[in-house]
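To start, the structure itself, in structure tokens.
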Amino acid sequence: MLLYDLIEKCSCRDEYQKEHEQCEDCSYGDCCPRDCQSCLQYVHFPQNAPAPRKYDCIHMADCYYCKYAYKYASEMVYGLSCFAEIRDKKKLKIMSVGCGPCTELAAVDYLRNEGVLNYDQLDYRGIDPLGEVWQPIWNDIIDYFGDGIRFYPNDILQLVDIIVQKKWVPDVLIFQYVFSDMYKHSDEKQIVQFIDKLASFLNSYNQEPIYILCNDINLSKSMCGGREFFDLLESKIQTPKIVRRMHFNNVNKERHYEYGGQYDSSELVFNMISDEIRNAYNPFESCASAQMLIKKE
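Heads up: the sequence shown begins at 1 in the UniProt record's numbering, then just goes up one per residue.
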């Protein structure tokens, strides 16, 4: 299965974690904590960083996958399972905006193994400007799936033109922990322009239904999230459409935001976590996101 295959490869590459040494090609200089998990926290919570930190390290990317993939891929299994109409598509076209290490592909692979998805051909387009960072993981994914997997290491705010030109239109459009990240690193006006452009395309395209899945932190902009962008996108997509808002019970906090309905379970789908991985990376062990699911008819 893709997820466990990638976990093994990422953890093997992440040799610097064993001795907590500084990576030979580290870009963080004297600020390096000799621990990629700390660097990830500096990226996610810049107010705590000794100096600005970006995703610019392949070792950090491997660490990222080992820590977050179980949770993110599990959340995508729950969301994609709600789109019953895509189950029997023989050619399934998916575009992921801000794909990073492509945890949604682990969910797609799982659903096909379980007989929920029945595609014969997977046509995937992943867009992420940090291609150099994710490239080793992307290479592993291409080796696993073979033909049909393509990546575009370009700016997310510009690459919406790929589908706006209507040369290649996905069945499923995925935003996986993208809006919260864009809110941290982009001007909000640019995000709104991006949403306007995407919604304009969706409103003008009437050949086949397009399914949209947004999965992200269940927090508002005021708390460093970006859940409001879900609702902004939905508000700009014209009828006919079917909309569903969902969230998971966040077992790591006493309270969580009631965004739409609540999934019956927040348990991980990918729960085979070895003691070695658990001790090294302390991965999240339950789902906790908010989701917006849209069928644009």
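C-beta: ideal position from N, C-alpha, C; glycine also.
Drop a sphere of 10 angstroms on the beta-carbon of Asp118, count the other beta-carbons inside from all chains shown, and report buried for 16 or more, exposed for fewer.
Looking at the sequence shown, residue 118 is not Asp but Asn. Classification for Asn118: exposed.
So the beta strand (DSSP E) His247 belongs to, where does it begin and stop?
Note, His247: beta strand (DSSP E), 241-247.
Does the beta-carbon of Asn215 have 16 or more other beta-carbons within 10 angstroms, so that it is buried, or is it exposed?
Asn215 should be labelled buried.
Apart from the five residues just before and just after Arg112, which ones in its own chain have a Cβ nearer than 6 Å to its Cβ?
Hits under 6 Å: none found.
If you follow the alpha helix (DSSP H) that Arg112 is in, where does it begin and where does it stop?
Looking at the DSSP string, the run of the alpha helix (DSSP H) that includes Arg112 is 103-113.
Measuring straight from C-alpha to C-alpha, what distance separates Phe151 and Arg125?
Spanning the two alpha carbons is a distance of roughly 6 Å.
Check whether the segment 288-295 touches the segment 86-95, taking contact to mean three or more Cβ pairs, one atom from each stretch, closer than 8 Å.
As far as the Cβ criterion goes, the segment 288-295 does not touch the segment 86-95, which means the pair count is below three.
Considering Cα atoms alone, identify which of Asp155, Asp30, Glu85, Ile174 is closest to Ser96.
If we check each option's Cα against that of Ser96, Ile174 comes out closest.
I'd like to know if the segment 263-272 and the segment 74-82 are in contact, where contact means that at least 3 CB-CB pairs between them fall below 8 Å.
Yes, they touch.
Distance, Cα to Cα, Asp196 vs Leu202?
Whole-angstrom Cα-Cα distance: 10 Å.
To which residues does DSSP link Met76 through a beta bridge?
Met76 is not bridged to any residue.
Less than 9 Å between the C-beta atoms of Leu233 and Ile212, yes or no?
Yes, Cβ-Cβ distance for Leu233 and Ile212 is below 9 Å.
So which of Tyr42, Lys67, Glu228 has the shortest CA-CA distance to Gly56?
The sequence shown places Asp at residue 56, not Gly. Checked all of Tyr42, Lys67, Glu228; the closest Cα to Asp56 is Tyr42.
Between the alpha carbons of Ile58 and Val108, how many angstroms are there, rounded?
Going by the C-alpha atoms only, they are around 24 Å apart.
Looking at Ile137: is its Cβ nearer than 9 Å to the Cβ of Leu40?
Not in contact: Ile137 and Leu40 (Cβ atoms no closer than 9 Å).
Which term fits Phe45, buried or exposed, when burial requires 16 or more other beta carbons within 10 angstroms of its beta carbon?
Phe45 is exposed by the Cβ-count criterion.
For Phe194, which three-state DSSP category applies?
Helix at Phe194.
Locate the beta strand (DSSP E) running through Ile212, then write down its first and last residues.
Where Ile212 is concerned, the enclosing beta strand (DSSP E) stretches over 210-216.
Run the CB neighbour count on Pro101, radius 10 Å, all protein chains shown included, and call it buried at 16 or more, exposed below.
Buried, since its Cβ has 16 or more Cβ neighbours within 10 Å.
Between which two residues does the beta strand (DSSP E) carrying Leu92 extend?
Start and end: 91-97.
Can you tell me which of the three DSSP states Gly131 falls into?
Helix at Gly131.
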